[in-house]
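Presented below is the structure to which this report refers.
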Amino acid sequence: MDLNLRHAILSNISDNNQSQLEATIVDAIQSGEEKMLPGLGVLFELIWQQSNEQEKQEMIEALEQGVKSASAGS
Numbered sequence: 001m002d003l004n005l006r007h008a009i010l011s012n013i014s015d016n017n018q019s020q021l022e023a024t025i026v027d028a029i030q031s032g033e034e035k036m037l038p039g040l041g042v043l044f045e046l047i048w049q050q051s052n053e054q055e056k057q058e059m060i061e062a063l064e065q066g067v068k069s070a071s072a073g074s
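For the record, in the sequence shown the residue sitting at position 27 is 27 according to UniProt numbering, with numbers rising by one throughout.
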């Protein structure tokens, strides 16, 4: 069976409004389950594709700070 994970994830959220999308993100992060990571990756891909260069730079800076914080807590 050929399962296109990206397509399945997009299909599952295609009718979601902003509130539902936010709940999906929050639930995925709070659950901490590894199986949620591909879905978060697809959502991040969509955000990245819709962002301008300044927004991308802000995300990279936030990511850098998050990585530093997470590494310091290890």
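Where is the CB? At the ideal position from N, CA and C, for every residue including glycine.
| Check | Outcome |
| --- | --- |
| Contact set for Arg6: own chain, Cβ-Cβ below 7 Å, skip 5 residues either direction | Val42 |
| Separation of Thr24 from Asn12, as counted between CA atoms | 11 Å |
| Closest Cα partner of Ile9 within the set Met36, Ala70, Ser31, Val26 | Met36 |
| DSSP three-state assignment for Ser14, whether helix, strand or coil | coil |
| Continuous alpha helix (DSSP H) stretch holding Ser71: start and end | 53-72 |
| DSSP state of Gly41 mapped onto helix, strand, coil | helix |
| For Glu58 and Glu48, the rounded distance between their alpha carbons | It should be pointed out that residue 48 corresponds to Trp in this sequence rather than to Glu. Near 11 Å, if we compare the C-alpha coordinates of Glu58 and Trp48. |
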